[in-house]
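Participant: First, the structure itself, so that you have it in front of you.
Protein chains: 2
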Amino acid sequence: MSIRPSFAQPVALDKAYRLLNHGPTVLVSARHDAQDNVMAAAWSMPLDFDPPKVAVVLDKSTWTRALVESSGRFALSVPTVGLAAMTVGVGTDSARQVADKLARHGVHGWRPEDDPDAPLLVAGCAAWLLCDVCVEPHNQQAHDLFIGVVRAAWADERVFSGGRWHFEQAPQALRTLHYVAGGQFYATGESVRV
Amino acid sequence: MSIRPSFAQPVALDKAYRLLNHGPTVLVSARHDAQDNVMAAAWSMPLDFDPPKVAVVLDKSTWTRALVESSGRFALSVPTVGLAAMTVGVGTDSARQVADKLARHGVHGWRPEDDPDAPLLVAGCAAWLLCDVCVEPHNQQAHDLFIGVVRAAWADERVFSGGRWHFEQAPQALRTLHYVAGGQFYATGESVRV
Chain P
17 MSIRPSFAQP
27 VALDKAYRLL
37 NHGPTVLVSA
47 RHDAQDNVMA
57 AAWSMPLDFD
67 PPKVAVVLDK
77 STWTRALVES
87 SGRFALSVPT
97 VGLAAMTVGV
107 GTDSARQVAD
117 KLARHGVHGW
127 RPEDDPDAPL
137 LVAGCAAWLL
147 CDVCVEPHNQ
157 QAHDLFIGVV
167 RAAWADERVF
177 SGGRWHFEQA
187 PQALRTLHYV
197 AGGQFYATGE
207 SVRV
Chain S
17 MSIRPSFAQP
27 VALDKAYRLL
37 NHGPTVLVSA
47 RHDAQDNVMA
57 AAWSMPLDFD
67 PPKVAVVLDK
77 STWTRALVES
87 SGRFALSVPT
97 VGLAAMTVGV
107 GTDSARQVAD
117 KLARHGVHGW
127 RPEDDPDAPL
137 LVAGCAAWLL
147 CDVCVEPHNQ
157 QAHDLFIGVV
167 RAAWADERVF
177 SGGRWHFEQA
187 PQALRTLHYV
197 AGGQFYATGE
207 SVRV
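Protein sequence lines correspond, in order, to chains P and S.
Everything in the first sequence is counted per this note's numbering, starting at 17 for the first residue and increasing by one.
Everything in the second sequence is counted per this note's numbering, starting at 17 for the first residue and increasing by one.
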């Protein structure tokens, strides 16, 4: 797949933080010099509303981090229950050791039509955020912390519309994931309204 | 309540990151000069394993942030479904305007026995992390980002034991919360194993 799926609808930038506000595990993608990689990250969060910023921890050992540093960009894709095995797979294998990592784990995706060098937006995810790195050498070196300015965002309209998640009306396989350890996640659960 | 509840058991520091790994909303507490405050924060994450560190975003307008800056400490408490209304309450009201904020929202808690000036560990939560601020003026000023080194951690043994969450065996009211917006959360949901 290389074209945006029809159910992936743009999200207004002032609502982009809501895609991460509930603390889901994410996939981090980067592309440089025609090389793509994707890894999993449990440690990410929104950092600002306007302009929308995100923070994500990328270990120095990862090839994705090298691509992020070279290209100055990354994407976050928010995986679903249906992608739990892929998420563990790309979070375990390194492209430094496993040359066909993305193919092995069945990672496919799309890119904005006018941006063929964008990081891969992973198919089957519930939301996507395309970010430019806000370069901060101290944070990157001392804390492995990368800050991104969100330039565009999309979400699967079956679970996110009108600036809100609506998991109740969709199959369980479209719920987002919250990683614990050792191949175990919790799915996003019941809605609680105050 | 001022004594640690019997079900609040210590968590080994090398497992403390797991208390936040699944992306729950947290309560942030601080105490300075015998003044306590508690606020809610959806934007927090683990930042390191060893020593365990956490990151949390604290807006400049908050009184809790002022207490954190004065005391150099904060605590994170991980609220449960049973505390959803309190969590919205302390996330909405500011102690700058509402002098009896904690009493109004029924916030009670405990402190380590040998540390009477510790930030409040909020009763009814599922886990607690006591942190020293790792002072970083740029992050605090530019990003409202505070980094804490976790000095001690506890969890409710009914939902966390052996270094893992076990929500399946406990009442729904003990599940943790993931904030969306406008008084809506998602509870931590079904376990998904790969």
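For each residue, glycine too, the CB sits at the ideal point set by N, CA and C.
Because the structure is a prediction, the values reported are computed rather than measured.
Residue range of the beta strand (DSSP E) that P62 of chain P falls in?
Facilitator: In the first sequence, the residue the question calls residue 62 of chain P occupies position 46. P62 of chain P -> beta strand (DSSP E) spans S60 to F65.
Participant: So V42 of chain P and A28 of chain P are supposed to be a Cβ contact under 8 angstroms. How far apart are they, rounded?
Facilitator: Working through the first sequence from its first residue, we reach residue 42 of chain P at position 26. Working through the first sequence from its first residue, we reach residue 28 of chain P at position 12. With 8 angstroms as the limit, V42 of chain P and A28 of chain P do not qualify as a contact, their Cβ atoms being about 20 angstroms apart.
Participant: Could you work out which residues of chain P lie near L161 of chain S, taking near to mean beta carbons separated by less than 8 angstroms?
Facilitator: Here the question's residue 161 of chain S lines up with position 145 in the second sequence. Residues of chain P passing the Cβ test: L63 and A71.
Participant: Does the beta carbon of P67 of chain S sit closer than 8 angstroms to a beta carbon anywhere in chain P?
Facilitator: Numbered from 1 along the second sequence, position 51 holds the residue referred to as residue 67 of chain S. No, P67 of chain S does not count as interfacial toward chain P.
Participant: Could you check the C-alpha separation between L63 of chain P and P21 of chain S for me, to the nearest Å?
Facilitator: Within the first sequence, the letter at position 47 stands for residue 63 of chain P. Within the second sequence, the letter at position 5 stands for residue 21 of chain S. Those two C-alpha atoms are separated by around 34 angstroms.
Participant: Of the residues that make up the region 92–117 of chain S, which ones have a beta carbon closer than 7 angstroms to any beta carbon in chain P?
Facilitator: Residues passing the 7 angstroms Cβ filter: V97, A100, A101 and V104.
Participant: Ignoring anything shorter than 3 residues, give me the beta strand (DSSP E) runs that lie fully in the region 132–196 of chain P, in order along the chain.
Facilitator: Fully enclosed beta strand (DSSP E) runs of 3 or longer: 143–150 and 161–172.
Participant: With distances taken between CB atoms, is the gap from R191 of chain S to Q200 of chain P smaller than 8 angstroms?
Facilitator: For the purposes of this step, residue 191 of chain S is taken as residue 175 along the second sequence, with counting starting at 1. For the purposes of this step, residue 200 of chain P is taken as residue 184 along the first sequence, with counting starting at 1. Not closer than 8 angstroms, so no.
Participant: Output, in chain order, the set of chain S residues within a Cβ distance shorter than 7 angstroms of P40 of chain P.
Facilitator: As a first step, residue 40 of chain P is located in the first sequence; it is residue number 24 there, counting from the start. In chain order: G39.
Participant: Could you name the residues that DSSP lists as bridge partners for R89 of chain S?
Facilitator: The residue you call residue 89 of chain S lines up with position 73 of the second sequence. Answer is S:D148, bridged to R89 of chain S.
Participant: Out of curiosity, what's the CA-to-CA distance linking L146 of chain S and P128 of chain S?
Facilitator: Your numbering for residue 146 of chain S matches position 130 in the second sequence. Your numbering for residue 128 of chain S matches position 112 in the second sequence. Using only the alpha carbons, I get a separation of about 10 angstroms.
Participant: When you compare the CB of S207 of chain S with every CB in chain P, is at least one pair closer than 8 angstroms?
Facilitator: Mapped onto the second sequence, residue 207 of chain S falls at position 191. Interface residue, yes.
Participant: Since S177 of chain S meets chain P, which of its residues come closer than 8 angstroms, beta carbon to beta carbon?
Facilitator: Along the second sequence, read from residue 1 onward, the residue named residue 177 of chain S stands at position 161. Ordered by position in chain P, no residue passes the 8 angstroms Cβ test against S177 of chain S, which lies about 13 angstroms from the chain.
Participant: In three-state terms, what does DSSP make of V70 of chain S?
Facilitator: Position 54 of the second sequence, counted from the start, is the residue given in the question as residue 70 of chain S. The answer is strand: DSSP assigns V70 of chain S an E or B state.
Participant: Compute the Euclidean distance between the alpha carbons of F65 of chain P and D30 of chain P, then round it to the nearest angstrom.
Facilitator: Sequence index remark: in the first sequence, residue 65 of chain P carries index 49 (1-based). Sequence index remark: in the first sequence, residue 30 of chain P carries index 14 (1-based). Approximately 6 angstroms, taken between the alpha carbons.
Participant: Give me the residue from P:E152, P:R174 and P:A197 with the minimum Cα distance to G178 of chain S.
Facilitator: Position 162 of the second sequence, counted from the first residue, corresponds to residue 178 of chain S. Of the listed residues, the one whose Cα sits closest to G178 of chain S is P:A197.
Participant: A115 of chain P and L87 of chain P - do their beta-carbons sit closer together than 8 angstroms?
Facilitator: By one-based count along the first sequence, residue 87 of chain P stands at place 71. By one-based count along the first sequence, residue 115 of chain P stands at place 99. According to the sequence displayed, residue 87 of chain P carries Ser and not Leu. Going by C-beta atoms, S87 of chain P is not nearer than 8 angstroms to A115 of chain P.
Participant: Output the boundary residues of the alpha helix (DSSP H) element that contains T78 of chain S.
Facilitator: Residue numbering aside, residue 78 of chain S sits at position 62 when the second sequence is read from its first letter. Run containing T78 of chain S: none; DSSP gives neither H nor E here.
Participant: Please list the partners that V149 of chain P has in chain S, where partner means a Cβ-to-Cβ separation under 8 angstroms.
Facilitator: Your numbering for residue 149 of chain P matches position 133 in the first sequence. Chain S residues near V149 of chain P: none, gap ~14 angstroms exceeds 8 angstroms.
Participant: By alpha-carbon positions, which one of P:E173, P:A143 and P:I19 ends up nearest to P95 of chain P?
Facilitator: Within the first sequence, residue 95 of chain P is the residue found at index 79, counting from 1. The shortest C-alpha separation from P95 of chain P is found at P:A143.
Participant: Note down the Cα distance separating T204 of chain P from L193 of chain P, rounded to an integer number of angstroms.
Facilitator: As a position in the first sequence, residue 204 of chain P is number 188, starting the count at 1. As a position in the first sequence, residue 193 of chain P is number 177, starting the count at 1. Rounded to the nearest angstrom, the two C-alpha atoms are 6 angstroms apart.
Participant: Could you check whether the Cβ of G122 of chain P sits closer than 8 angstroms to any Cβ belonging to chain S?
Facilitator: As a first step, residue 122 of chain P must be located in the first sequence, where it is residue number 106. Judged by the 8 angstroms Cβ criterion, G122 of chain P is not in contact with chain S.
Participant: Considering just the uninterrupted stretch of the alpha helix (DSSP H) at A107 of chain S, what are its terminal residues?
Facilitator: One-based indexing of the second sequence puts residue 107 of chain S at position 91. Per the sequence shown, residue 107 of chain S should be read as Gly rather than Ala. From DSSP, the alpha helix (DSSP H) with G107 of chain S extends over A100 to T108.
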